[in-house]
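Following: one structure in structure tokens, then a few remarks.
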Amino acid sequence: MAKARNDVRNNAGAALLPDRVTPFSYGADDESDDHPREECGLVGVVGHPDASSLCYLGLQKLQHRGEEGAGIVAAGGDGKLKSVTGLGLVADVFGDPSRLASLPGPAAIGHHIYFSLPNSVVFSHDVHERRTAFGRALAEESPAPGADVVIPVPDSGFYAALGFSRQSGLEFQQGLIRWHYSGRSFIQPTQASGALAVKLKWAPVRGVIRGKSVVVVDDSLVRGTPSSKIVRLLRDAGAREVHMRIASPPVVGSCLYGIDTPSDGELISNRMDLEGVRREIGSDSLAFLSLDKLHGIYGEEAGDYCDACFSRKYPVLPTLPEPAAEFEEE
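Going by numbering that gives the first Met the number 0, the first residue of the sequence shown is number 0, and it counts up by one from there.
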């Protein structure tokens, strides 16, 4: 059974495993030894961030012993097991992506909100259509009466701002220009480096902003550093008012499944209420798309997505040094 040593200590099945277990060793003194200790032909990977690669390597190792087929068994959020098996080499059995796609497991809703390119089709949905729908729903839920213009935070806020503009009837303009070589600010290691990245990343279009009441639409608000710098940029460029609208719910939990998000303590919405966040970033008003409204866009599919960063309901409880009571299992 392949398993990370840190995970073993935090798992109920730890007593069944040897002490010297690393992400892909069979417990032999020589880790180059490719012969599993047991004869059952089973490799298990639990709670490891590189689970998919380890599963694939494990299946390949087993086939060196003459196994004629391969399979993967996955557990869904409902606790039920589903398997994909077949005869032949691993590459043959899993050469068709649809076979793996049929396995259960909540899909990360963040792919539609931020991580995917807008021309992508992810989980059978056009990303640009999803983001436009988020913006429309945001305008329905949190309009900005008296505003003059809607601008996006480029690039991932573009389609949400377009949806907000169409729903509200406000003019859509490109009021911020992005320099594409500055890197992503929300995954910078410190607040200071994140602030520098923001300063290098955007420049205001003064002719669009000067003297206007501006609605700024962004895809998400994580640490709060980019939003506060953007508000200051727009005010310095002559904006009369700045109204922040976020096309996703408040981020209150870190992603535990491979996305390099800040720790919970660095998430501004985890530390402050709505008014506290508004004061911190310095906008005249602030609103997020509610989780209920987000779920409404997906309808019956809402339960197929992981939204733990918004709800703190994790499909799989983390095996971390933090007390388990801090997390809620979905």
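We treat Cβ as the ideally placed atom computed from N, Cα and C, and that holds for glycine. All values reported here derive from a predicted model rather than from experimental measurement.
For the set 92, 111, 219, the Cα lying nearest the Cα of residue 297 is the one of 111. Between the C-alpha atoms of residue 170 and residue 237 there is a straight-line separation of about 18 Å. Put simply, the backbone Cα of residue 280 is about 9 Å away from that of residue 231. 150 is the residue among 295, 257, 150, 108 whose C-alpha sits nearest the C-alpha of residue 242. In the three-state DSSP reduction, residue 136 falls in the helix class (H, G or I). Closest in C-alpha terms to residue 176, from the list 154, 162, 121, 114, comes 154. Residue pairing of residue 244 in beta bridges, as defined by DSSP: 216, 286.
Contact between residue 290 and residue 248 holds: CB atoms are separated by about 4 Å, below the 8 Å threshold. In the structure shown, residue 308 adopts helical secondary structure according to DSSP, grouped into three states. With respect to residue 244, residue 221 sits apart: the two C-beta atoms are not nearer than 9 Å. DSSP places residue 207 inside the alpha helix (DSSP H), whose first and last residues are 205-208.
Approximately 20 Å separates the beta-carbon atoms of residue 162 and residue 145; this is outside 8 Å, ruling out the contact. Taking C-alpha positions only, residue 84 is separated from residue 69 by approximately 6 Å. For residue 177, the enclosing beta strand (DSSP E) starts and ends at 175-177.
For the pair residue 130 and residue 246, the CB atoms are nearer than the 9 Å cut-off. Residue range 224-235 is occupied by the alpha helix (DSSP H) that includes residue 229. Taking the Cα positions, residue 72 is about 13 Å away from residue 57. Per DSSP, residue 315 is not a residue of any alpha helix (DSSP H), being assigned neither H nor E. In this structure residue 113 is in contact with residue 218, their Cβ atoms being roughly 5 Å apart against a cut-off of 8 Å.
The straight-line gap separating the alpha-carbon atoms of residue 309 and residue 152 is approximately 21 Å. Here residue 107 is buried, its C-beta having at least 16 other C-beta atoms within 10 Å. Straight-line spacing of the CA atoms in residue 208 and residue 166 works out to 21 Å. Collapsing the DSSP output to three states places residue 89 in a helix. Annotation for residue 276: the continuous alpha helix (DSSP H) segment containing it runs 273-280. In chain order, 163, 244, 246, 288 place their CB closer than 6 Å to the CB of residue 137, counting only its own chain and leaving out the 5 sequence neighbours on each side.
Looking at the DSSP output, residue 124 sits in a beta bridge with 121.
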